[in-house]
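Participant: In full-length UniProt numbering, the protein residues as written are 1 to 400.
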């Protein structure tokens, strides 16, 4: 957590650190477990690294045990306090987590990691102002600490300050322009604020993925944008179908000509316009994207059922439009049936997908609000208890 190298103490510790840096968490965990069983003199660094291993595995109870083992051997071990704080607030013991993080700051006041942990613990406790202040202090201590800036971002995001969160990511990119996470997060914030069009968003995620090709999170974001691009083609199919219905005189209104079949000239002119429209759509959706985003889009179409369904809907609507204008219909009933057959499935799919995404966003907002509300209630309860304890202490002193 504090980026402090432990390897100077023992070669096994150095090897475990190297394994962790390579992402081989299980190997590092096995090595450290064997080491702690073999040696007679216990090593606080070994237990702190074991806490780091379990932290990566999200085994919070084990993280707490290892951190407390490290602190029992060395009460001034900064990472021991940090990992203890990180485990405690995830186990809903936020007051203890805040205390542990403050102890880490007392021991190592000039490193940003304790401030980052304090910010996380205060966020979990519902004290967003305190969390932001702690993260800001971490940035002051180390202006080029990415983790400290991300702690500020987390606090601002919980406060609903999208503009402030965007500025934090710009600050990160000002000194770490190749940071993939910062670039991807900034793109997501701009998308949430509707400041980017889909092709621009795809370019941003593709650039972020280029900086970190192994990032599953960024890859998933890029695939989501690719799916949205594919789904957008259904609007082109619907537009073609509506225009074809007008051109073929399927639903004449007012003084519109009603004789069938419709003249060949307007029908061929529509066919030309449809080809131009689809050409522009394909060019804007695919050919303006960077190579990585193009490959992702093709991969999504091949693998994702939702993308295949969207392509099928677009092709179906377009096929019905082509049939309307290329066949010289003499029965308006057939034309109208073709319009409904082509349009209804596409419209229903678009409506259902849009409703589903709205519900998902609403559920996410409700879950976030519920989490923040619970944290605020815990913060209020702990504050009330502290005030009551203070009042009891004053009463006791007065009685004495």
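Just so you know, even glycine gets a beta-carbon here, dropped at the ideal spot from N, CA and C.
As the structure is a computational prediction, the values presented were derived from the model and not from experiment.
1. Between the C-alpha atoms of residue 369 and residue 76, what's the straight-line distance to the nearest angstrom?
2. Short check: CB of residue 339 to CB of residue 250, under 7 angstroms?
3. Can you tell me whether DSSP reads residue 159 as helix, strand or coil?
4. Here's the rule: buried if 16 or more other CB atoms are within 10 angstroms of the residue's CB, otherwise exposed. What is residue 122?
5. Tell me whether the region 203-220 and the region 310-327 touch, counting them as touching only if at least three CB pairs, one residue from each stretch, are closer than 8 angstroms.
6. Would DSSP call residue 150 helix, strand or coil?
7. Going by C-alpha distance, which of 337, 285, 111 is nearest residue 147?
8. Between residue 53 and residue 12, is the Cβ-Cβ spacing less than 7 angstroms?
9. Check whether the Cβ atoms of residue 293 and residue 301 lie closer than 7 angstroms to each other.
10. Kindly indicate which three-state DSSP category residue 126 falls into: helix, strand or coil?
11. Between which residues of its own chain and residue 212 is the CB-CB distance below 7 angstroms, once the five residues before and five after are set aside?
12. Considering only C-alpha positions, which residue in the set 96, 114, 98, 97 is nearest to residue 104?
13. Output needed for residue 285: all residues of its chain with C-beta closer than 6 angstroms, excluding positions within five of it in sequence on either side, in chain order.
14. Would you mind sorting residue 296 into buried or exposed? The rule is 16 or more other CB atoms within 10 Å of its CB.
15. Given this structure, state the Cα-to-Cα distance separating residue 73 from residue 66, to the nearest angstrom.
16. Which whole runs of the alpha helix (DSSP H) in the region 210-288 are 4 residues long or more, in chain order?
17. Hey, residue 416 and residue 346 are a contact pair by Cβ (cut 8 angstroms); roughly how many whole angstroms apart?
18. Give the secondary structure of residue 181 by DSSP, where H, G and I count as helix, E and B as strand, and everything else as coil.
19. Would you mind sorting residue 188 into buried or exposed? The rule is 16 or more other CB atoms within 10 Å of its CB.
20. In three-state terms, what does DSSP make of residue 329?
21. Of the residues 202, 174, 194, which one's Cα is nearest the Cα of residue 184?
22. Mind pulling the alpha helix (DSSP H) runs of 4 or more residues that sit fully within the region 291-348?
23. If you run the structure through DSSP and keep just helix, strand and coil, what is residue 81?
24. Buried or exposed for residue 79, please, with buried defined as at least 16 other CB atoms from any protein chain shown within 10 angstroms of its CB.
25. Just reading off the alpha helix (DSSP H) that residue 17 is part of, what are its end residues?
Facilitator: Reading from the atomic positions:
1. 37 angstroms
2. yes
3. coil
4. buried
5. no
6. helix
7. 111
8. no
9. no
10. coil
11. 180, 218
12. 114
13. 229
14. buried
15. 11 angstroms
16. 216-247, 264-282
17. Examination of residue 416 is not possible in this model, given that the chain is present from 1 through 400 alone.
18. helix
19. buried
20. coil
21. 202
22. 291-303, 305-326
23. helix
24. buried
25. 11-21
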